[in-house]
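**Student:** Residue numbers (the UniProt record's numbering): 1 to 185. Glycine is no exception: its CB is placed at the ideal position from the N, C-alpha and C atoms. To start, I am sharing the structure in question, which I have written as structure tokens.
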């Protein structure tokens, strides 16, 4: 049997985690089985286990990937020549919320209360996001509002905290909406 290249392994892992996220969104973390993920991915059970030791390992990988994608988006905003103001930043973040990922994200937060590994992933990603929000707000204060860097960093702290809290509230709201409400105008 031919060996998988590193790029092919990464594609396969992404295929598996994407299938797992869809299953977790539909069925919940607890009610999703490896058989469900196998069927959703179109791969064999052996292929799943070749990449992940167990469902818990897959939950951690899916959580890590989803949380890091959000953090990466915020980093792009902060690096822009003209960073968005806080209202626009929050608007962009909430507009980009995917209902499937929001449901899994909220379930992951719950899982973080009992699984130390998931807890560490969620705390790390949340801290990274808050730091990137802080950097983005600081960049806006310096580049657009023309504040000096040190006072801008200080002023950005409570603003970034509020943006993070409102974003997380919107994630929760999106996760709690029924499928009917998601399609309503």
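#1: What separation, rounded to the nearest whole angstrom, lies between the Cα atoms of residue 13 and residue 132?
#2: For residue 13 and chain B, any beta-carbon pair shorter than 8 Å?
#3: Short check: CB of residue 137 to CB of residue 82, under 8 Å?
#4: Since residue 149 is in the alpha helix (DSSP H), which residue starts that stretch and which ends it?
#5: Check residue 77 in the structure and name its three-state DSSP category.
#6: Is the stretch 91 to 110 close to the stretch 166 to 180, with three or more CB pairs under 8 Å?
#7: Starting from the C-beta of residue 10, find all residues in its chain whose C-beta is less than 6 Å away, skip the five residues before and the five after it, and write them out in chain order.
#8: Applying the criterion that 16 or more other CB atoms from any shown protein chain within 10 Å of the CB defines a buried residue, is residue 80 buried or exposed?
#9: Considering only residues of the same chain and omitting the five flanking positions on each side of residue 113, which have a CB-CB separation below 8 Å?
#10: Residue 52 lies in the alpha helix (DSSP H); which residues open and close that run?
#11: Excluding sequence positions up to five away, which residues of its chain have a Cβ less than 6 Å from the Cβ of residue 19?
#12: I need the boundaries of the alpha helix (DSSP H) containing residue 16, first residue and last residue.
#13: Apart from the five residues just before and just after residue 55, which ones in its own chain have a Cβ nearer than 7 Å to its Cβ?
#14: Return the chain-ordered list of same chain residues with a C-beta closer than 6 Å to the C-beta of residue 142, the five sequence neighbours on each side being excluded.
#15: Which two residues bound the contiguous alpha helix (DSSP H) that contains residue 128?
#16: So, helix, strand or coil for residue 108, using DSSP?
#17: For the candidate residues 65, 97, 155, 29, whose alpha-carbon lies nearest to that of residue 124?
#18: Please identify the residue among 6, 107, 74 whose C-alpha is closest to the C-alpha of residue 91.
**Tutor:** So, from the data block:
#1: Their Cα atoms are separated by approximately 27 Å.
#2: Absent here is chain B; the protein component of the structure consists of one chain.
#3: Contact: no.
#4: Unbroken alpha helix (DSSP H) run through residue 149: 149 to 176.
#5: In the structure shown, residue 77 sits in a helix (DSSP, three-state: H, G or I).
#6: Using a Cβ-Cβ distance cut-off of 8 Å, the stretch 91 to 110 and the stretch 166 to 180 are in contact, since at least three pairs of beta carbons, one from each stretch, lie closer than that value.
#7: Cβ neighbours of residue 10 beyond the five flanking positions: none.
#8: Here residue 80 is exposed: its Cβ has fewer than 16 other Cβ atoms, across all protein chains shown, within 10 Å.
#9: Within the same chain, residue 113 has close Cβ partners 119.
#10: Annotation for residue 52: no alpha helix (DSSP H) segment contains it, and DSSP assigns it neither H nor E.
#11: Correct list, in chain order: 37, 40, 41.
#12: Looking at the DSSP string, the run of the alpha helix (DSSP H) that includes residue 16 is 6 to 27.
#13: Here the set comprises 34.
#14: Cβ neighbours of residue 142 beyond the five flanking positions: 149, 152.
#15: Looking at the DSSP string, the run of the alpha helix (DSSP H) that includes residue 128 is 116 to 143.
#16: Note: residue 108 maps to helix in three-state DSSP.
#17: Comparing Cα positions, the closest option is 65.
#18: Out of 6, 107, 74, 74 has the C-alpha closest to the C-alpha of residue 91.
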